[in-house]
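In the working numbering, the protein residues as written are 838 to 1055.
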């Protein structure tokens, strides 16, 4: 988005066209009719909204930023859109005191939808990256726990491992839910699923090792 739109609105806010009441308004501003607005206040606000809407594109379902540069562009667009909506809030509230702003409010809906999509895309990207990093580390942790149990089959170690095994099953369920969330957004999770299967296999080996040593110490 071009920041010139923000400059335009800031200019309007400084004029009679989009007059904002000051912290200590003039007596006339305190009247029931509210502050006086220029006749073209609403039309100029609509023009500003349409200018922003021309630059808003829908997010492709399942698409993730392919690089750090694309991710930063996505975040930048989200921040600018948030700034636009924040800037629009006061003029819309001001105008709504004197006329019906339903049409302008409807014009804002695609902006809020785009903001939600950008926020979700950012969150999904962060989740995907986190799972990419966490799954290999989780696999190594389970392998280490299994190896330690094989070489230290003490009764207290078996009891501790049983508790840790239950925790790993809960963590696997959590990862499965996260993968489901990514899939609902249409993200290709094949690489993550392969890692998840490896994790399940390792947890299964931990279960088998624990079962053997549980019988031995019983």
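We put the CB at the ideal spot given by N, CA and C, even for glycine.
Outcome for residue i when other beta-carbon atoms lying within 10 angstroms are tallied against a minimum of 16
i, result
"residue 1026", "buried"
"residue 927", "exposed"
"residue 906", "exposed"
"residue 938", "buried"
"residue 817", "The question about residue 817 has no answer here: the residues shown for the chain are numbered 838 through 1055."
"residue 998", "buried"
For residue j and residue i, the rounded distance between their alpha carbons
i, j, result
"residue 879", "residue 1033", "55 Å"
"residue 882", "residue 922", "12 Å"
"residue 1018", "residue 1001", "26 Å"
"residue 1083", "residue 1039", "In this structure the chain extends from 838 to 1055, so residue 1083 is not present and cannot be described."
"residue 871", "residue 934", "Summary for residue 871: the model assigns pLDDT 47, below 50, so the residue's position carries little reliability, and this model does not support an answer."
"residue 989", "residue 1009", "25 Å"
"residue 1020", "residue 1030", "11 Å"
"residue 975", "residue 1037", "10 Å"
"residue 875", "residue 962", "45 Å"
"residue 919", "residue 931", "19 Å"
"residue 929", "residue 885", "12 Å"
"residue 949", "residue 1043", "48 Å"
"residue 915", "residue 985", "48 Å"
"residue 902", "residue 1041", "35 Å"
"residue 1003", "residue 913", "42 Å"
"residue 957", "residue 1035", "28 Å"
"residue 1012", "residue 908", "23 Å"
"residue 1068", "residue 1022", "Here the chain covers residues 838 to 1055 and nothing more, so residue 1068 does not appear."
Terminal residues of the alpha helix (DSSP H) in which residue i lies
i, result
"residue 979", "939-988"
"residue 877", "No alpha helix (DSSP H) holds residue 877; DSSP gives it neither H nor E."
"residue 891", "Run containing residue 891: none; DSSP gives neither H nor E here."
"residue 936", "Element bounds for residue 936: n/a, residue is neither H nor E."
beta-carbon residue i near the ligand GTP non-hydrogen atom, thresh 7 Å
i, result
"residue 978", "No copy of the ligand GTP appears in this structure; indeed no ligand is present at all."
Chain-order list of residues whose beta-carbon lies under 7 Å from that of residue i (same chain, five-residue window excluded)
i, result
"residue 1015", "964 and 968"
"residue 987", "1046"
"residue 868", "Bear in mind that a pLDDT of 30 at residue 868, under 50, signals an unreliable position, so the number given afterwards is only what the model happens to contain. Counting only Cβ-Cβ distances below 7 Å, and skipping sequence neighbours, we find nothing."
"residue 911", "902, 955, 958 and 959"
Cutoff 6 Å; reference residue i; Cβ partners in own chain excluding five residues on either side
i, result
"residue 1048", "none"
Residues of its chain near residue i, where Cβ-Cβ distance is below 8 Å and the 5 sequence neighbours each way are ignored
i, result
"residue 947", "890 and 893"
"residue 973", "1032"
"residue 1006", "1040"
*asked:* Closer than 8 Å is the cut-off here; do at least three beta carbon pairs connect the segment 951-958 with the segment 970-986?
replied: Output reads no: the segment 970-986 does not touch the segment 951-958.
_the segment 958-970 / the segment 937-947 touching (three or more Cβ pairs under 8 Å)_ = The count of Cβ pairs closer than 8 Å, one atom from the segment 958-970 and one from the segment 937-947, stays below three, leaving the stretches out of contact.
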